[in-house]
Amino acid sequence: MKMSTISSITQIGADIYGATEDISGQSVSMSTDGTRMAVGAWGAWGGHIPRSSTGLIRIFEWNGSGWSQMGVDISGAGNDNRRQGHAGYTVSLSGDGTRVAMGYLWYGGGSATYKSGAVKLFEWDGSAWNQMGSDITGEHPQDYASTGLSLSSDGLRVAIGAPGNDDGGNDAGHTRVYEWDGSDWNQIGADIDGQFYRSGDKAGTSVSLSSDGSILAVGSPWDSFMTGQTRVYQWNPSSLSWDQRGAWINGESRWTKSGESVSLSADGSILAVGAPENSGNGTKSGSARVYQWDGSNYIQIGTDLDGETSNDQFGTRVSLSADGTRLAVSAIWNDGGANNAGHVRIFDWDGTAWNQIGSDVDATDPESRSGTGLSMAGNGDFFAIGAPYDDGGGYLSGATRTFSVTGIIPGDTDGDGVADASDNYPNDITRAYDTFSPSENSFGTAMFEDLYPH
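Numbering (my numbering), first residue to last: -18 to 435.
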């Protein structure tokens, strides 16, 4: 557990702005040690108007004093001759930051593939990002595959949620998991279909893999009149199937959209679930709950974490540290810093309760929706916030900001304020990093928003 006496949270590095109408920060994902970060800009190359946004992602590395881009932009341009892919709507980084998955929300052209969605995966070779295998495409038109996206720590297994899929009923949704065989991506296990009960589940709106990719959480926020539900599955290598792990985790009541965001700890024993339309502290104030595996079910630990006031939609995003004892939660419509600017709160588990550490991280640009992108580094020391509608770099440029929870900078293990030789840096002059054991690796995860039409 975190025995924290932290009183402040500090921004590290400057704001990272996109270009005009990039909508950068829609998705963010940090490496385990917080020294690498992927940022999605789904509006890039044509602005925010539908059918003109190819989208892109950018990967950054901490250089000791700020963030430097690794390689060039990874653009959605040229894919299927479409200019409407919205690449970067979701993004997920491997634990060491050398592999990245990029979601194409509106991938596809023509009646056969229209808005089926897709995922592309890339690997860093030391100087450039190279695609790994083929595009992983959605099954049917308007599946919106990649709405939910999560990569295992080693970057060799990926979960893809397609909430518009109709195999289990209209908009029941489904999730597929793929594994890298050295040359291409192959689905493992059958489709994990949602269900249809008066309204489609939209299962796969959010997904999260454990570090080794053997445990999977799937959010279904539209289940049963938007009560919402989260289901957890475990990979069975004997039967080559995804077996349900414990009972379904239901939202508190109708219209709460529980499962809009989900996040697993590295070992899959801790699960955070966001319900942004819960009204426990005012209409759509939002809430988050955390659960722990007891050997047969996921049991809530601590009380509900409620939003500050009505219409905050707290729980829009949730992100856990690898050990599951530190949690970031966003409320993208919060007005604490400016109208609909959004904010993020950080909580630590003390063994009996979740306690907020530091002050609210309030955005100050009106309507910026800060917290739409949210990622906690696996070590729990750093987190990144995306504010896709921030205008700091031009109209709808979007912004990404990174923060230290402990007061140190990435790579600074001795706490002297410098990432240097005493921290095992610069053994590799291209990176500032701490040494860490494989057991510290966590999934690179991003569970980002269901803005597809519904």
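Glycine residues also receive a C-beta, built at the ideal position from the N, C-alpha and C atoms.
From a predicted model like this one, the values you see are computed outputs, not experimental measurements.
For this session: Just list the beta strand (DSSP E) runs in the stretch 103 to 190, keeping only unbroken ones of 3 residues or longer that don't cross its boundaries, in chain order.
Result: 110 to 112, 129 to 132, 138 to 143, 155 to 161, 166 to 168, 187 to 190
Exercise. For Ser8, which residues from the same chain have a beta carbon less than 7 Å from its beta carbon, with the 5 sequence-adjacent residues on both sides left out?
Worked result: Gly21, Gly69, Tyr70, Thr71, Val72, Gly354, Gly367, Ala427, Phe429
For this session: Grab me the residues of Asp(-4)'s own chain with a C-beta within less than 7 Å of its C-beta, minus the 5 sequence neighbours each way, in chain order.
Result: Closer than 7 Å at Cβ, skipping near neighbours: Gly373, Ala380, Arg382.
For this session: Might you give, ordered along the chain, the residues of its own chain that have their beta carbon closer than 6 Å to the beta carbon of Leu190, omitting 5 neighbours on each side?
Result: Ser131, Ser133, Ala140, Leu197, Phe424
For this session: Pick helix, strand or coil for Met207, following the three-state DSSP scheme.
Result: In the three-state DSSP reduction, Met207 falls in the helix class (H, G or I).
Exercise. Which one of Thr208, Phe295, Ser192 has the shortest CA to CA distance from Ala184?
Worked result: Thr208
For this session: Could you give the DSSP three-state label for Trp274: helix, strand or coil?
Result: strand
Exercise. If you compare alpha carbons, which of Asp182, Glu289, Gly119, Trp110 is closest to Asn151?
Worked result: Asp182
For this session: Name, in chain order, the residues that DSSP records as bridge partners for Met357.
Result: Per DSSP, Phe364.
Exercise. Once you ignore the five residues that flank Trp229 on each side, which residues in its own chain have a CB closer than 7 Å to its CB?
Worked result: Gln210, Arg212
Exercise. Assuming Asp162 and Gly145 make a contact with CB atoms under 8 Å, what is their CB distance in whole Å?
Worked result: About 28 Å separates the two Cβ atoms, so there is no contact after all.
Exercise. Between Trp314 and the rest of its own chain, which residues show a CB-CB distance below 6 Å, the 5 nearest in sequence each way excluded?
Worked result: Asn292, Asp293, Gln294, Asn321
For this session: Express the C-alpha separation of Gly388 and Gly149 in angstroms, rounding to a whole number.
Result: 48 Å
Exercise. Taking the continuous beta strand (DSSP E) assigned at Tyr85, which residues delimit it?
Worked result: 80 to 85
Exercise. Under the three-state reduction of DSSP, which class applies to Leu197: helix, strand or coil?
Worked result: strand
Exercise. According to DSSP, which residues form a beta bridge with Thr(-9)?
Worked result: Ser385
For this session: Starting from Thr71, follow the beta strand (DSSP E) in both directions and report where the run begins and ends.
Result: 68 to 74
Exercise. Is Ala253 helix, strand or coil by DSSP?
Worked result: strand
Exercise. So the beta strand (DSSP E) Ser300 belongs to, where does it begin and stop?
Worked result: 295 to 301
Exercise. Under a Cβ-count criterion, where at least 16 other Cβ atoms within 10 Å of its own Cβ denotes burial, should Pro369 be classed as buried or exposed?
Worked result: buried
Exercise. Helix, strand or coil for Lys101 per DSSP?
Worked result: strand
Problem set entry | Local Cβ density within 10 Å of Val53, reported as buried at 16 or more and exposed below that | exposed
Exercise. Using DSSP with H/G/I as helix, E/B as strand and the rest coil, what is Gly227?
Worked result: coil
Problem set entry | Where Ala143 falls, given that 16 or more other Cβ within 10 Å makes a residue buried | buried
For this session: Confirm, please, whether the CB-CB distance from Ser10 to Ala25 is below 9 Å.
Result: No. Outside cutoff.
Exercise. DSSP three-state call for Arg350: helix, strand or coil?
Worked result: coil
Exercise. From this set, Ser239, Gly114, Pro122, which residue's C-alpha is nearest Val188's C-alpha?
Worked result: Taking the Cα of Val188 as reference, the smallest distance to any Cα among Ser239, Gly114, Pro122 is reached at Ser239.
Exercise. With burial defined as no fewer than 16 other Cβ atoms inside 10 Å of the residue's Cβ, what is the status of Asn167: buried or exposed?
Worked result: exposed
Exercise. Tyr376: buried (16+ other C-beta within 10 angstroms of its C-beta) or exposed?
Worked result: exposed
Exercise. Ordered along the chain, which non-local residues of its own chain (more than five positions away) have a Cβ less than 6 Å from that of Phe495?
Worked result: No information on residue 495 is available, as it lies outside the stretch -18 to 435 that the chain covers here.
Problem set entry | Span of the beta strand (DSSP E) around Trp314 | Note, Trp314: premise wrong, no beta strand (DSSP E); not H, not E.
Exercise. Where do the ends of the beta strand (DSSP E) carrying Val53 lie?
Worked result: Note, Val53: premise wrong, no beta strand (DSSP E); not H, not E.
For this session: Between the Cα of Val299 and those of Ala253, Ser222, Arg17, Ser201, spot the shortest distance and give me the residue it belongs to.
Result: Ala253
Problem set entry | Chain-order list of residues whose beta-carbon lies under 6 Å from that of Tyr95 (same chain, five-residue window excluded) | Gly89, Pro122
Exercise. The beta strand (DSSP E) spanning Ile338 covers which residue range?
Worked result: 335 to 343
For this session: Given a cut-off of 9 Å, decide if Met18 and Ile(-10) are closer than it, judged by their beta-carbon atoms.
Result: In this structure, Met18 does not lie closer than 9 Å to Ile(-10) by Cβ.
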